[in-house]
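To start, the structure itself, in structure tokens.
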Amino acid sequence: AERAGGGPGTNYAVDDAFTSDRTKWWRQDRFGMFIHFGAYSNLEGEYTRPDGTVCRDAEWIMRECDVPKDAYEKQAAGFNPADFDAKAVVKAAKDAGQRYIVITSKHHDGYAMWPTKVNKWNLRDHSSFDKRRDIMRELKKEADKAGIKLGFYYSIWDWHDPDFSDPATFPKYKKRMYAQLKELVDNYDPAMLWFDGEWDADNPVNRWSPKDGAELETYVKGLKPGLLVNNRVGKRRVTDGDFGTPEQEIPEAPVDGQPWESCMTLNGHWGYARYDHDWKPAAELTRNLLATASKGGNYLLNVGPDSKGRVPQESVTRLRAMGDWLRAHHQSRTVYGAGYSGLVEDPEWGEVSREGSKKLHAAVTRWPKDGAPLHLKSRTPFEITGARVLGSDQKVTVKKSGDGFDITPSGGPVNDTATVIELAVKSAT
Ligand code: FHN
Numbered sequence: 046a047e048r049a050g051g052g053p054g055t056n057y058a059v060d061d062a063f064t065s066d067r068t069k070w071w072r073q074d075r076f077g078m079f080i081h082f083g084a085y086s087n088l089e090g091e092y093t094r095p096d097g098t099v100c101r102d103a104e105w106i107m108r109e110c111d112v113p114k115d116a117y118e119k120q121a122a123g124f125n126p127a128d129f130d131a132k133a134v135v136k137a138a139k140d141a142g143q144r145y146i147v148i149t150s151k152h153h154d155g156y157a158m159w160p161t162k163v164n165k166w167n168l169r170d171h172s173s174f175d176k177r178r179d180i181m182r183e184l185k186k187e188a189d190k191a192g193i194k195l196g197f198y199y200s201i202w203d204w205h206d207p208d209f210s211d212p213a214t215f216p217k218y219k220k221r222m223y224a225q226l227k228e229l230v231d232n233y234d235p236a237m238l239w240f241d242g243e244w245d246a247d248n249p250v251n252r253w254s255p256k257d258g259a260e261l262e263t264y265v266k267g268l269k270p271g272l273l274v275n276n277r278v279g280k281r282r283v284t285d286g287d288f289g290t291p292e293q294e295i296p297e298a299p300v301d302g303q304p305w306e307s308c309m310t311l312n313g314h315w316g317y318a319r320y321d322h323d324w325k326p327a328a329e330l331t332r333n334l335l336a337t338a339s340k341g342g343n344y345l346l347n348v349g350p351d352s353k354g355r356v357p358q359e360s361v362t363r364l365r366a367m368g369d370w371l372r373a374h375h376q377s378r379t380v381y382g383a384g385y386s387g388l389v390e391d392p393e394w395g396e397v398s399r400e401g402s403k404k405l406h407a408a409v410t411r412w413p414k415d416g417a418p419l420h421l422k423s424r425t426p427f428e429i430t431g432a433r434v435l436g437s438d439q440k441v442t443v444k445k446s447g448d449g450f451d452i453t454p455s456g457g458p459v460n461d462t463a464t465v466i467e468l469a470v471k472s473a474t
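Residues in the sequence shown are numbered from 46 upward in steps of one, following mature numbering (1 follows the signal peptide of the UniProt record, and there is no 0).
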């Protein structure tokens with residue numbers, strides 16, 4: 046893992062301070078698609094118990110609803126995501142402006158979504174799906190065609206493999222896990238592995254020590270030099286993996302000393318849940334993306350395909366709206382290749398990211414009342430030598446004011462998601 050100097054007075058990871066280029070492509074890309082898709086998707090979030098009561102959850106349904114192992118295996122045998130369309134999935138990511146995809150290859154239920162040879166608990170050998178198909182190969186092909194990098198989520202924790210939860214047999218489980226990871230890297234050439242389920246070494250059910258993590262990180266990086274892994278390969282310390290993984294939040298003062306990525310759902314669940322209609326508005330999602338980029342972080346936004354393999358239309362429309370904002374007026378420069386500048390305090394009225402060494406992008410999301418100027422508080426001396434609103438020719442006046450600058454556009458918002466004011470800056474020293 047690489048160390049970075051924090052910005053002045055914060056522990057934001059200031060991009061330029063990263064020493065190695067290891068994560069550079071990933072930090073430039075900023076925005077990825079998470080996909081939670083597995084045997085749990087076949088239940089679409091609802092399990093009817095033998096007594097007729099209905100229990101609801103998504104990817105944790107086997108555990109949270111105490112589904113007996115044989116009942117879970119029985120339902121999985123009927124899993125047939127025939128409508129999974131890799132082209133459509135990649136198009137949804139492309140339309141959103143997502144530049145990499147991380148799909149669950151194996152979640153905590155242990156069910157492999159590729160034709161693993163390690164066991165029969167997988168989509169090829171234990172489902173009603175067409176045995177000639179391999180969704181990971183289909184996805185890899187379409188992603189490569191679209192110039193989108195593909196990564197795999199892999200859960201270290203495994204509810205299905207009896208050798209996982211017995212200390213005496215855990216080494217046998219570990220051997221199978223290593224073999225599966227080798228299959229994934231050899232067969233699909235992923236850009237990254239997104240580990241999960243590493244939580245508690247002291248828990249007799251789920252043991253994963255920092256030493257296990259360090260060994261696994263060395264192993265997979267030996268399979269493919271340049272492969273990125275997240276900090277959940279180990280114990281989420283700054284030295285584990287290549288990037289931190291805050292979840293469902295945008296950290297105020299994010300993970301110190303390493304790149305990071307905030308992963309979030311589009312509604313209330315990672316896996317598909319037919320009853321969950323709590324979809325977040327596209328404007329909120331775009332603002333989250335702006336907020337993560339302004340702090341030097343990545344944003345991994347999740348979709349959960351249904352039992353047939355279809356991405357919900359509510360997800361597709363929101364993702365498209367995010368891409369439309371990014372494509373309008375070259376506003377994507379606020380995100381791609383942009384990051385934490387360390388030059389200004391986070392303003393009340395929006396997010397500020399820096400592109401290279403000469404441009405700040407001030408994205409206004411909460412306009413001050415009664416036309417008050419947009420105040421930017423400096424952290425370190427710099428000059429503003431020019432200002433313009435992307436997508437509008439309105440005049441922008443910039444005045445030094447107290448501990449920073451007052452910026453006053455002559456007109457109002459360009460759109461209701463965020464209006465970007467591009468500022469030309471130079472160091473005052
Ligand atoms: O338990 C998992 C959960 O199902 C989901 O995969 C998230 C996504 O990051 N990770 C774990 C919870 O932190």
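In this text, a Cβ means the ideal position worked out from N, Cα and C, and glycines have one as well. No experiment lies behind these values; they were computed from the predicted model shown.
Distance, residue j Cα to residue i Cα
i          : j      : result
Thr425     : Pro291 : 28 Å
Asp115     : His205 : 11 Å
Lys473     : Lys403 : The residue you asked about is not Lys; residue 473 is Ala in the sequence shown. Taking the straight line joining both Cα atoms gives about 12 Å.
Thr68      : Gln143 : 17 Å
Thr64      : Gly341 : Note on Thr64: pLDDT 43, under 50, position unreliable in the model; the coordinate value appears next. Each residue's alpha carbon lies about 15 Å from the other.
Pro255     : Tyr385 : 30 Å
Gly196     : Tyr145 : 7 Å
residue 18 : Gly416 : Within the shown structure, residues of the chain are numbered from 46 to 474, placing residue 18 beyond reach of any answer.
Ser172     : Ser352 : 12 Å
Leu435     : His375 : 8 Å
Ile201     : Asp241 : 6 Å
Asp140     : Ala188 : 13 Å
Val300     : Lys119 : With a pLDDT of only 48 at Val300, under the threshold of 50, the placement of this residue in the model should not be trusted; the figure read from the coordinates follows. Taking the straight line joining both Cα atoms gives about 42 Å.
Lys194     : Glu183 : 14 Å
Val470     : Ala336 : 20 Å
Glu467     : Thr149 : 38 Å
Asp175     : Thr284 : 42 Å
Lys445     : Leu405 : 16 Å
Ile80      : Ala327 : 18 Å
Lys313     : Asn333 : A quick correction: the sequence has Gly, not Lys, at residue 313. Answer to the nearest angstrom: the Cα atoms are 16 Å apart.
Arg277     : Thr453 : 44 Å
Ala463     : Ser360 : 20 Å
Pro458     : Gly447 : 25 Å
Cys308     : Glu294 : 8 Å
Asp438     : Asn460 : 14 Å
Ala131     : Pro418 : 47 Å
Asn275     : Val443 : 41 Å
Val99      : Tyr92  : 6 Å
Glu109     : Gly90  : 11 Å
Val356     : Phe427 : 46 Å
Pro212     : Asp203 : 13 Å
Lys220     : Arg72  : 32 Å
Glu252     : Thr214 : Looking at the sequence provided, one finds Arg at residue 252 rather than Glu. Going by the C-alpha atoms only, they are around 12 Å apart.
Arg399     : Gln358 : 34 Å
Thr331     : Gly401 : 21 Å
Arg433     : Glu297 : 28 Å
Gly387     : Ser86  : 43 Å
residue 11 : Trp239 : Lying outside 46 to 474, the shown extent of the chain, residue 11 is not represented and no answer is given.
Leu88      : Val465 : 43 Å
Bridge-paired residues (DSSP) for residue i
i      : result
Leu238 : Phe197 and Val274
Arg157 : A small fix is needed here, since residue 157 is Ala in this sequence, not Arg. The partner list for Ala157 (beta bridge, DSSP) reads Lys151 and Asn167.
Gly395 : Val409
Met78  : Ile146 and Leu346
His420 : Asp451
Trp305 : Gly289
Ala383 : Glu400
Asp471 : Checking the sequence shown, residue 471 turns out to be Lys, not Asp. Per DSSP, Glu428.
Val465 : Ala408
Asn442 : According to the sequence displayed, residue 442 carries Thr and not Asn. DSSP, once it has assigned bridges, lists Thr453 as partnering Thr442.
Val434 : Ile466
Val389 : Ser423
Presumed contact (8 Å Cβ cut-off) between residue i and residue j, rounded CB distance
i      : j      : result
Trp305 : Gly349 : Their Cβ separation, rounded to whole angstroms, is 23 Å, which puts Trp305 and Gly349 out of contact at 8 Å.
Gln225 : Lys325 : Actually they are not in contact, since the Cβ atoms of Gln225 and Lys325 sit about 33 Å apart, beyond 8 Å.
Arg101 : Ala318 : 7 Å
Trp121 : Tyr156 : Inspection of the sequence shows that residue 121 is occupied by Ala rather than by Trp. Rounded, the Cβ-Cβ distance is 6 Å, consistent with contact.
Met84  : Asp154 : Looking at the sequence provided, one finds Ala at residue 84 rather than Met. About 6 Å separates the two Cβ atoms, so the contact holds.
Gly431 : Val409 : Not really, about 17 Å apart at Cβ, beyond 8 Å.
Leu273 : Met222 : About 19 Å; that fails the 8 Å criterion.
Ser423 : Lys440 : Between Lys440 and Ser423 the Cβ distance is about 23 Å, and since that is not below 8 Å, they are no contact.
Leu311 : Leu346 : 6 Å
Gly267 : Glu243 : Their Cβ separation, rounded to whole angstroms, is 19 Å, which puts Gly267 and Glu243 out of contact at 8 Å.
Gly279 : Gly286 : 6 Å
What residue ranges within the stretch 64–144 form continuous beta strand (DSSP E) runs of no fewer than 3 residues, ordered along the chain? 76–80, 91–93 and 99–101
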